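For the sequence shown, our numbering assigns the number 1202 to the initial residue and increments by one for each residue that follows. I have placed the structure first, in the form of structure tokens, so that the comments after it can refer back to it.
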Amino acid sequence: MPTYQYACADCGHQFEVFQSFSEASLTTCPECKGEVRKVYSAVGVVFKGSGFYKTDSAKSTKSETTPAPAPVVAPAPAPKSD
């Protein structure tokens, strides 16, 4: 169940509430009965599994791809004389 942070616009009281996604947001402060608003902050994200580590996509010191060879141009045929 998510934890939501609220702050009162009147008295400045800040508090956290455990609410399900389906519950309506709070509108009144429990301290002064003033208007509250949700406080949004940065969320810590943890990626698990392969592909999320620095070593998974690190470039090696040696190039793993070889450049394509230059195309070989064949000499043009000599014109025929009749």
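Ideal Cβ placement from N, Cα and C applies to all residues, glycine included. Because the structure is a prediction, the values reported are computed rather than measured.
Mapping the DSSP letters down to three states, classify C1209 as helix, strand or coil. What you label residue 1209 is simply residue 8 of the sequence shown in a count that begins at 1. DSSP places C1209 in strand when its eight states are reduced to three.
Would you check if the segment 1219-1229 and the segment 1243-1250 touch, i.e. whether three or more CB-CB distances between them fall below 8 Å? At 8 Å Cβ cutoff, the stretches do not touch.
Please state whether DSSP places E1236 in a helix, a strand or coil. Mapped onto the sequence shown, residue 1236 falls at position 35. Of the three classes helix, strand and coil, the one that applies to E1236 here is strand, per DSSP.
With a CB to CB cut of under 6 Å and the five nearest residues on each side skipped, what residues in its chain are close to H1214? Counting from 1 along the sequence shown, the entry for residue 1214 is found at position 13. C1230 and E1232.
Exposed or buried, what is C1212 when buried is set at 16 or more other beta-carbons lying within 10 Å of its beta-carbon? Locating residue 1212 in the sequence shown gives position 11, counting from the first residue. With fewer than 16 other Cβ atoms within 10 Å, it is exposed.
Could you check where the beta strand (DSSP E) with F1248 kicks off and where it finishes? Here residue 1248 refers to the residue found at position 47 when the sequence shown is read from its first residue. Boundaries for F1248: no beta strand (DSSP E) harbours it, and the DSSP string shows neither H nor E there.
Beta-bridge pairing of V1218 - partner residues as DSSP gives them: By 1-based counting over the sequence shown, the position of residue 1218 is 17. DSSP links V1218 through a beta bridge to Y1205.
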